[in-house]
Amino acid sequence: MRAFWMFVILLSCRLSHATKSQSIHACKSQLKTLCVPAGDNVPVPCPNVTAEDVTFNLLKDDEVIHNHTCIRDKTSQTCKSQKTRVAVELHGENISVTFMLPGVNASSYGVYRCEGIVMFPPPYKKVSSTVLILVLVEGHQCKFNKDHSKPKTGGDQKDGFLWIWILGLVLLGIYSVTVTVIAGVILVKWRRSDSQSDYMNTKPKAPRDRKKKGWVQHPIPRHF
Numbered sequence: 079m080r081a082f083w084m085f086v087i088l089l090s091c092r093l094s095h096a097t098k099s100q101s102i103h104a105c106k107s108q109l110k111t112l113c114v115p116a117g118d119n120v121p122v123p124c125p126n127v128t129a130e131d132v133t134f135n136l137l138k139d140d141e142v143i144h145n146h147t148c149i150r151d152k153t154s155q156t157c158k159s160q161k162t163r164v165a166v167e168l169h170g171e172n173i174s175v176t177f178m179l180p181g182v183n184a185s186s187y188g189v190y191r192c193e194g195i196v197m198f199p200p201p202y203k204k205v206s207s208t209v210l211i212l213v214l215v216e217g218h219q220c221k222f223n224k225d226h227s228k229p230k231t232g233g234d235q236k237d238g239f240l241w242i243w244i245l246g247l248v249l250l251g252i253y254s255v256t257v258t259v260i261a262g263v264i265l266v267k268w269r270r271s272d273s274q275s276d277y278m279n280t281k282p283k284a285p286r287d288r289k290k291k292g293w294v295q296h297p298i299p300r301h302f
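Take a look at the structure:
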């Protein structure tokens with residue numbers, strides 16, 4: 079689902095060149111992946127927009143979840159929020175705005191971006207941020223590695239488990255073959271020994287009362 083939204087966003091950049099829309103799209107969007115612990119805050123930067131009447135939209139997976147409108151006159155600036163589905167803080171002035179996602183959790187997983195809409199003065203103009211934030215929550219979608227800046231995502235963990243399973247199956251196969259060979263050798267020796275015992279038991283024995291053949295000796299008379 080996340081890949082689908084990324085495809086739609088990038089496709090809109092291509093189509094924007096073929097239309098005469100007054101919107102400015104982020105055709106050079108940069109996806110920034112963040113693996114953060116649950117409960118941390120995640121900033122989502124907005125584009126720099128200068129106008130008297132401007133609205134900033136915070137989007138998650140290309141759906142607006144919060145907007146903030148600022149109207150500036152000669153002496154002051156009035157800002158108000160019109161729609162919100164999550165707790166979002168707004169930092170900065172009208173020129174530099176950053177949405178803050180406080181206390182992220184497993185349901186915060188998604189692709190976030192900000193867009194600014196110039197309502198007045200004309201012409202109507204939409205400016206999208208060039209930075210897309212992919213939020214991954216540690217322990218759910220990723221595992222943060224302190225030794226490397228690149229987070230270890232759930233897909234990497236699955237690949238690691240897959241290699242462990244493969245290694246385990248290989249070792250089990252080697253063990254099975256070894257046991258089979260040893261058992262075969264023992265069985266062959268046992269059969270040979272058993273066959274030799276049967277041969278010895280069936281071999282005819284010589285009779286014990288056989289008389290010895292020899293010459294008859296006659297006594298020699300003695301003369302005195």
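Quick note: the sequence shown uses my numbering, first residue 79, plus one each step. Even glycine gets a Cβ: it sits at the ideal position worked out from N, Cα and C.
Buried/exposed call for Ala116, threshold 16 Cβ in 10 Å: exposed
Other residues of its chain near Ala129: CB distance less than 6 angstroms, five sequence neighbours each side excluded: Val196
Secondary structure of Ile102, DSSP reduced to three states: Because the pLDDT of Ile102 is 40, which lies under 50, any placement of that residue in the model is unreliable, and the number read from its coordinates should be weighed accordingly. If DSSP states are grouped into helix, strand and coil, Ile102 belongs with the strands.
Closest by C-alpha distance to Glu141, when choosing among Lys158, Ser273 and Gly188: Gly188
Buried versus exposed call for Lys158 [16 or more other C-beta atoms within 10 Å across all chains shown]: exposed
Validate contact between the segment 210-220 and the segment 144-151 using beta carbons, cut 8 angstroms, 3 pairs: no
Closest Cα partner of Cys124 within the set Asp118, Leu112 and Leu137: Leu137
For Lys221 and Ser185, the rounded distance between their alpha carbons: 16 angstroms
Reduced DSSP category for Lys267 - H, G, I as helix; E, B as strand; rest coil: helix
Sequence-distant residues of its chain with Cβ nearer than 7 angstroms to Val215 (five each side left out): Val114, Ala116, Val182, Asn183, Ala184, Ser186 and Tyr187
CA-to-CA distance, Met178 to Leu112, given in whole angstroms: 14 angstroms
Classification of Phe239 by the beta-carbon crowding that lies within 10 angstroms, buried from 16 upward: exposed
For Asn145 and Val156, believed in contact at Cβ under 8 angstroms, the rounded distance: Residue 156 is actually Thr in this sequence, not Val. That pair is no contact at about 15 angstroms.
Per-residue DSSP class, three states only, for Ser159: strand
Ser336 classed as buried or exposed, judged by whether at least 16 other C-beta atoms fall within 10 angstroms: Not covered by the structure: residue 336. The range shown for the chain is 79 to 302.
Extent of the continuous beta strand (DSSP E) run through Gln108: Gln108 to Val114
Limits of the unbroken beta strand (DSSP E) element including Cys192: Gly188 to Phe198
Start-to-end residues for the beta strand (DSSP E) that takes in Cys148: Glu141 to Arg150
CA-to-CA distance, Ala261 to Val248, given in whole angstroms: 20 angstroms
Limits of the unbroken beta strand (DSSP E) element including Ser206: Lys203 to Ser206
Strand pairing of Thr256, partner residues [DSSP]: Thr256 pairs with nothing; no bridge assigned.
Local conformation of Val248 per DSSP, three classes: helix
Endpoints, beta strand (DSSP E) assigned at Asp131: Asp131 to Lys138
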